[in-house]
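Asker:
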Amino acid sequence: MAPAPNGECQATDAAIAFARDNDVLIHHITGEYHDCGNPAASLAATNAAVQATVGSGPHV
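Going by my numbering, the first residue of the sequence shown is number 55, and it counts up by one from there.
1) Between V78, H81, A103, which lies nearest to C90 when the distance is taken from Cα to Cα?
2) Do M55 and A71 have their beta-carbon atoms positioned less than 8 Å apart in this structure?
3) Excluding the 5 residues preceding and the 5 following A98 in the sequence, name in chain order all residues of the same chain whose CB lies nearer than 8 Å to its CB.
4) Please return the same chain residues whose Cβ sits closer than 8 Å to the Cβ of E62, not counting the five positions on each side in sequence.
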């Protein structure tokens, strides 16, 4: 499987390639989507996950 035009390997492409030859069980989940493609975005996603877990306690 070749990388996407932006050079990244996409999980959706891997899932589609796998599903061509295998049964796949799909589970629909709801919630927020966070792009984690760079350190700042990854930190923002981590902070959002912490806030969702522990509420509005002290910020680190």
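By construction, the Cβ of each residue, glycine as well, lies at the ideal position given by its N, Cα and C atoms.
Answerer: According to the structure data:
1) On the sequence shown, position 36 is the one that residue 90 refers to. Nearest neighbour of C90 by Cα position, chosen from V78, H81, A103, turns out to be A103.
2) Within the sequence shown, numbered from 1, the residue matching residue 71 stands at position 17. Within the sequence shown, numbered from 1, the residue matching residue 55 stands at position 1. Yes. Within cutoff.
3) Numbered from its first residue, the sequence shown carries residue 98 at position 44. Counting only Cβ-Cβ distances below 8 Å, and skipping sequence neighbours, we find H88.
4) Reading the sequence shown from its first residue, position 8 is the one you call residue 62. Cβ within range, chain order: G91.
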